[in-house]
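Each residue of the sequence shown is one higher than the one before, counting from 1121 in the numbering used here.
From the three backbone atoms N, C-alpha and C, an ideal C-beta is built for every residue, glycine too.
The model shown is predicted, which means the values in this text are computed figures rather than measured ones.
Here's the structure we're looking at; comments come further down.
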Amino acid sequence: MDDAPTKPAQSFRIETASRASRIAASIAILIVLVLALLPVFAGRTLIQDFIFLFYMVALAQCWNLLAGYAGLISVGQQAFVGLGGYLLFALMLIGGLNPLLAIPLAGAISALFALPTALIVFRLSGAYFAIGTWVVAEVYRLVFAQVKPLGGGTGTSLTPSVTSSVPGLEWVKAFLDVRTPAARDIVSYWVALALVVATLAAVYFILRSRRGLALGAIRDQESAASGLGVDIYRIKLAVYVATAAMTGMIGALIYLQKARISPDAAFSVLDWTAYVIFIVVIGGIGTMEGPVIGAIIFYLMQRYLADFGAWYLILLGTLGILIMLFAPRGLWGLILNWRDVTIFPVRRRLAVRSVDEKRA
């Protein structure tokens, strides 16, 4: 009796990166280098536009990590944008700190504020959690409206002596032959570029870590993740605090560049949460690529359609509705349906190879 044919031995391996993602990473590094050199030959208007684009991408990545992976649908992230901005002003005007030192410190203090905030809003779930985060943001707005050293309800501005104390300002003025306002924008541009790259890197490495696996399990099926031993409360709290820190730093940068702050502007739900949700939804929630695409689309629409007034808001709403109806995975989801390409490889795939194929 002949022996039954034996199947070739197989090897198994978990893969994340692919050839396409490695090529995309190389292109991304090249793009960052080009963006770093942009102030050498770009005008001030373009620099300001890119600053806006950078901090919208960073804010969208933070909200996407919170809602798209941890399942925490927050409409109160403006609380940490405003908190970061006001902390920057307090650290600079009252504490006399260096602006570039005040930005990370504002993020760290925002994370500390996020802990007691989480103890309140984490008692809620679903729509109640969303409403609770918005109410907390309104409480922050009302509190800072009573702080007289920071301008109270009307807000305050950075003095020229403070804005001129940004490190590197004199070097930029001498090297690029520009005036102080333009030099301040260039320094803010470089800080914004560094911050958006750091935000992307932080979100990427979080999703590639063991906590990223836990977040994926929570997003797919929270009850099953709990049954597998995932500490859901602890993971969500860590993500909430981390996004608060990043959002606080972004808010500090925003108001360093604006040089003026007021409670209504700093804690605006439209500017810092509604638009961010729109960006993530049209780009693709639950992906890193989606918020980048969404931010670019939002920037282009605001840049070229904002002069149409109410029609601009109607177009934004119409686009959001169409995307939710016909492309619930967002524009990046449409791209994935057309071609399987990944720029940020955070998903783990099981690769099966035979021994003969491996030797070859």
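_Exposed unless 16 or more other CB atoms sit within 10 angstroms - verdict on N1184_ = buried
*Exposed or buried, E1290, counting other C-beta atoms within 10 Å across all chains shown (16 or more means buried)?*
exposed
*Below 8 Å between beta carbons: does that hold for F1209 and I1381?*
yes
*asked:* Once DSSP output is grouped into helix, strand and coil, what is the label at S1277?
replied: strand
*Buried or exposed: which applies to Q1197, given that a residue is buried once 16 or more other Cβ atoms fall within 10 Å of its Cβ?*
buried
*Residue of Y1260, I1355, L1335 and W1452 minimising C-alpha distance to I1413*: W1452
*Can you tell me whether F1233 is buried or exposed, with buried defined as 16 or more other CB within 10 angstroms of its CB?*
buried
*Between I1352 and the rest of its own chain, which residues show a CB-CB distance below 7 Å, the 5 nearest in sequence each way excluded?*
I1338, E1342, A1345 and S1346
*Mind pulling the alpha helix (DSSP H) runs of 4 or more residues that sit fully within the segment 1169–1246?*
1198–1209 and 1219–1241
*Which of helix, strand or coil does DSSP assign to I1381?*
strand
*Using a Cβ-Cβ cut-off of 8 Å (strictly less than) and excluding sequence neighbours within five positions of I1355, which residues of its own chain qualify?*
A1190, R1331, A1334, L1335 and I1338
*Would you mind sorting M1121 into buried or exposed? The rule is 16 or more other CB atoms within 10 Å of its CB.*
With a pLDDT of 46 at M1121, under the threshold of 50, the predicted position of this residue should be treated as unreliable, and no value is reported.
*At which residues does the alpha helix (DSSP H) containing G1450 begin and terminate?*
G1450 to W1458
*How big is the Cα-Cα spacing for K1478 and Y1248?*
Bear in mind that the predicted position of K1478 carries a pLDDT of just 48, short of 50, making it unreliable; the figure below should be weighed with that in mind. Spanning the two alpha carbons is a distance of roughly 53 Å.
*asked:* According to DSSP, simplified to helix, strand and coil, what is A1162?
replied: coil
_C-beta atoms of L1173 and Y1419 nearer than 8 Å_ = yes
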